[in-house]
Structure formats: C-alpha cells, structure tokens
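Participant: So the number in our numbering is just where the residue sits in the sequence shown, counting from 1, plus 56.
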Amino acid sequence: MLAFAFAAAVPVYYALRGGSYDIVVRQEEAIVVWLVLGLGFALGLLPRARPPRAAAIPFAAVALLAVWTALGFSWTESDERTLAELARVLHFAGLALLGFSLIDRTTWRPAAAGLAAAAFLISFLAVGSRLIPDAFPANEIRRSFRSNRLNYPFYYWNAVAAWSVMAIAMLLSWSACARSLAARAASLAGVPICGLAVYLTYSRAGAIGSGLAVILVLVLSRNRWVALFHALVAGAGTTVAILVARDHEQIAEATGSAG
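1. Where does I264 land, buried or exposed, given buried means 16+ other C-beta within 10 angstroms?
2. Let me know the alpha helix (DSSP H) ranges lying completely inside the stretch 209 to 267, each 4 residues or longer, listed in chain order.
3. Note down, one range per segment and in chain order, each alpha helix (DSSP H) of at least 4 residues found wholly within the stretch 95 to 143.
4. Quick one, which of A241, R278, H286, D190 has its alpha-carbon nearest S313's?
5. Reducing DSSP to helix, strand and coil, say where E309 ends up.
6. Out of curiosity, what's the CA-to-CA distance linking R278 and L139?
7. What's the gap between the Cα of A234 and the Cα of I298?
8. Could you check what DSSP says for A194 in three-state terms: helix, strand or coil?
9. Residues in its own chain within less than 7 Å of A283 by CB, not counting five upstream and five downstream?
10. Put L349 into one of helix, strand or coil per three-state DSSP.
11. Starting from H286, trace the alpha helix (DSSP H) both ways and give me its first and last residue.
12. Does the distance from the CB of V216 to the CB of A182 come in under 7 Å?
13. Could you tell me whether the stretch 61 to 73 touches the stretch 155 to 175, using the rule of 3 or more Cβ pairs below 8 Å?
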C-alpha cells in the first residue's frame with residue numbers, strides 16, 4: 057500500500073505544480089529529494105531494496121548525461137543556464153536513485169499501479185478543467201494566447217497530450233493483465249477519458265503517440281487478444297466521447313463553463 061501511495065503521490069505532486077517546469081519549483085524539489093537520500097543513507101534507512109543489476113543502465117545513462125552537461129561549461133554562453141540544466145539532470149538522477157532504493161521485487165507491482173493511477177488522475181483533472189473550469193485555477197495561458205487547446209495542469213498542450221498518451225498505454229496494459237476483474241474494468245474505463253484529453257489538446261504528436269501506445273501494448277502484452285479486444289472497446293468509447301465533445305462548442309472550443 058505504501059508503494060502504491062508513494063508512486064502515485066510523487067508524480068501527482070510534480071504535475072500539479074505546473075509540471076514543475078519553473079526553475080524555483082524544480083530546484084526546491086531537487087533539494088528535498090537529495091536531502092531525503094542523504095539522510096536516508098546516512099541513518100541506514102536506505103536502501104530499503106537492493107537495486108537489480110539492470111539498474112546500472114539508467115544510472116549510467118543519467119551519469120553520462122550529467123557529465124556531458126557539465127562539459128558544456130567549456131563552451132556555454134551562459135554559465136547560469138548550464139548550471140540550471142546540470143541541476144535538472146541531477147534532479148532526475150535523485151528521483152531514479154530514490155525509486156530503486158525503495159522498490160523491490162515484492163513492491164514493484166503496486167508501485168506500477170500507483171504510477172498508472174497518477175497518470176489517469178492528471179488526465180482526469182485535465183478534462184475536468186475543461187468541463188468545470190470555474191473549479192480550477194485561472195488559466196492565464198488560455199487567456200493570453202486565446203487558445204482552445206487543453207493545457208492544464210502543465211500549461212502546455214503537448215505536455216498534456218504526452219502525459220495522457222502514457223496514461224493510455226499504462227491503463228490499457230493493466231486492463232489486459234491486472235489480476236483482479238475490478239482493476240481490469242477500472243483501467244479500461246479510464247482509457248476513453250485519457251483519449252478525450254489527448255483530443256482536446258489538438259496535438260498531432262498526441263494523436264500519433266496514441267496509436268503508437270496501442271501498438272506497443274499489443275506487441276508487448278502477454279495477453280494480446282485481450283489487449284486487442286480492450287483496445288477496440290476503448291477506441292469505441294473514446295470515439296463516442298470525442299463526438300459528444302465536438303457537439304458542444306463550449307467544450308470543444310473552451311468558450312464557456314457549461315460543459
């Protein structure tokens with residue numbers, strides 16, 4: 057249960073802070089992450105799990121990226137911006153180390169479920185911001201650019217589309233492979249909401265990514281026929297949701313609050 061809660065809470069927190077793109081926000085988070093790691097290892101509270109050997113691959117990749125970013129100091133036109141990017145990479149490294157230090161063979165499944173739940177929740181809130189905009193913070197991006205593209209909570213529509221595409225892939229996978237019928241049904245029911253979120257961003261990358269996500273699930277799933285059937289059902293549900301949204305201008309064009 058703790059693994060589920062942790063894996064769900066962290067990405068939701070990052071997402072609801074505007075995607076944590078702002079330099080002040082992300083550096084605050086990085087300080088907290090590395091403080092937790094430092095105290096955890098110093099006091100013997102971490103690691104709670106022994107990372108598998110394969111974990112060396114992402115760690116090596118992040119380390120090489122950090123080294124390459126640091127080398128940028130030799131040619132950069134702005135030491136300040138390069139330092140900010142180095143801090144961003146080290147932030148990613150801290151998150152990866154924290155994850156591998158807490159999750160093991162017995163907790164990876166609930167952690168994966170928590171990540172999928174978080175992905176769905178953000179897509180759900182994104183759609184909710186279009187249907188009931190008065191219940192959400194004022195969207196200055198929409199006001200300033202007069203855009204009809206769904207951008208909450210990242211305030212960038214392509215980011216919302218990418219997030220929702222990943223949510224589709226995770227939910228479709230769980231709908232075909234989860235152990236309980238209730239989990240399968242709940243996962244499948246969430247796919248059309250994420251599909252509607254992708255549509256309302258009007259992102260071409262999101263549309264293409266949705267197709268690729270379904271293909272990857274079908275290729276990698278151990279229950280391919282079930283995944284295929286669920287993909288067809290989810291596709292039909294998404295189509296209905298999109299058609300209904302298109303019939304309501306205030307939803308499709310973000311022109312009102314009667315969605």
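Cβ atoms here follow ideal geometry from the backbone N, Cα and C, with glycine treated the same way.
Please read these numbers as outputs of a predicted model, since none were measured by experiment.
Facilitator: So, from the data block:
1. Counting of Cβ neighbours within 10 angstroms places I264 among the exposed residues, the total staying below 16.
2. 213 to 233, 237 to 257
3. 112 to 127
4. D190
5. coil
6. 44 Å
7. 27 Å
8. In the displayed model, A194 falls within coil according to three-state DSSP, outside both helix and strand.
9. L228, A232, V273, L274, S277
10. Any question about residue 349 goes unanswered here, given that the chain covers just 57 to 315.
11. 280 to 302
12. yes
13. yes
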